[in-house]
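Structure record follows, encoded as structure tokens.
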Amino acid sequence: ICVKWAEDGFLCEMFDAVIMIPLRLVQQRSLEDVMMEYVGEDLFKQLKKSGGARCLMILEGLDEMDFDRQKSDQCFVRLIKPDCTMLEKSTIAITSRPHSCERVKADRRVEVVGFGPVQIKEFVEKSFPDDEDAVSEFRHQLAERPHLHGLCYVPMNLVMIVNIFKFPT
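As structure tokens, this is what we get:
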């Protein structure tokens, strides 16, 4: 999402800033410290002044956060609780494995499910537009490596495998 926003203008009509913060790297730190590290002091002051309006914050890996060790006033625990007002106008997207989702009250939940054979086929064809030889060679390479083919059911894995095939060096 961050790369598509920066390079292709994805969601630019809704957000002036898209910030992704991996929660596993921010244990036991204040929200202010982490935000200043990730976005810089000037942008953080602007976000704070606006209440985070037109900002999408992606908090990645809620399941990797140690809530038992967090103080209620520290880090992103404040941000994901309803009484936080620092960036109250931000749109917050939280990624997590299903077992940690119950920790947060959310307006909407989305579950990412893996690809099936049809989606893998479509993705590969769209990855090599107008190049049936490349599609055929890619499929051949996957057929020769069943362990690699099994990884393709996870969309992000398929993206990486296709890119490695497209750009081998």
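Take the sequence shown: its letters are residues 1 to 169, numbered as in the numbering used here.
Virtual Cβ for every residue (Gly too), placed ideally from N, Cα, C.
None of the values given here were measured: they were computed from a predicted structure.
Quiz item: Given that a residue counts as buried once 16 or more other Cβ atoms are within 10 Å of its Cβ, and exposed if not, what is Ser136?
Solution: Within the sequence shown, numbered from 1, the residue matching residue 136 stands at position 136. Ser136 should be labelled exposed.
Quiz item: For Thr169, which residues does DSSP report across the bridge?
Solution: Numbered from 1 along the sequence shown, position 169 holds the residue referred to as residue 169. Answer is none; Thr169 lacks a bridge partner.
Quiz item: At which residue ranges does the region 76-131 contain complete beta strand (DSSP E) runs of 3 or more residues, listed in the order of the chain?
Solution: 91-95
Quiz item: Just how far apart, CA to CA, sit Tyr153 and Lys49?
Solution: On the sequence shown, residue 153 is found 153 positions in, with the first residue counted as 1. On the sequence shown, residue 49 is found 49 positions in, with the first residue counted as 1. Cα to Cα, the separation comes out at about 43 Å.
Exercise. Please determine, among Glu37, Leu56, Lys126 and Phe44, the residue with the shortest C-alpha to C-alpha distance to Cys12.
Key: Looking up residue 12 in the sequence shown gives position 12. When each option's Cα is compared against that of Cys12, the closest is Leu56.
Exercise. Look at the Cβ atom of Phe138, then the Cβ atom of Phe123, and state whether they are nearer than 8 Å.
Key: Your numbering for residue 138 matches position 138 in the sequence shown. Your numbering for residue 123 matches position 123 in the sequence shown. No. Outside cutoff.
Quiz item: Can the beta-carbon of Ile21 be found less than 8 Å from the beta-carbon of Val3?
Solution: On the sequence shown, residue 21 is found 21 positions in, with the first residue counted as 1. On the sequence shown, residue 3 is found 3 positions in, with the first residue counted as 1. In this structure, Val3 does not lie closer than 8 Å to Ile21 by Cβ.
Practice problem: Report yes if the C-beta distance between Asp63 and Arg108 is below 8 Å; otherwise report no. | Solution: If you number the sequence shown from 1, residue 63 lands on position 63. If you number the sequence shown from 1, residue 108 lands on position 108. No, these two residues do not count as a Cβ contact at 8 Å.
Quiz prompt | Whole-angstrom distance between Glu125 and Val159, CA atom to CA atom | solution = Counted from its first residue, the sequence shown places residue 159 at position 159. Counted from its first residue, the sequence shown places residue 125 at position 125. Near 12 Å, if we compare the C-alpha coordinates of Glu125 and Val159.
Quiz item: Leu59 bridges to which residues according to DSSP?
Solution: As a first step, residue 59 must be located in the sequence shown, where it is residue number 59. Looking at the DSSP assignment, Leu59 forms a beta bridge with Ile21 and Ile94.
Quiz prompt | For Lys105, the nearest candidate out of Asp42, Ala134, Ile94 and Val112 (CA to CA) | solution = Residue 105 sits at position 105 when you count from the first residue of the sequence shown. It is Ile94.
Quiz item: Candidates Val26, Phe10, Ile19 and Leu23: which alpha carbon is nearest Val39's?
Solution: Stepping through the sequence shown from its first residue, residue 39 is reached at position 39. Comparing Cα-Cα distances from Val39 to each of Val26, Phe10, Ile19 and Leu23, the minimum goes to Ile19.
Quiz item: Looking at the C-beta of Ala17, does it have a partner C-beta in chain D at a distance below 8 Å?
Solution: Absence of chain D from the displayed structure is noted, only one protein chain being present.
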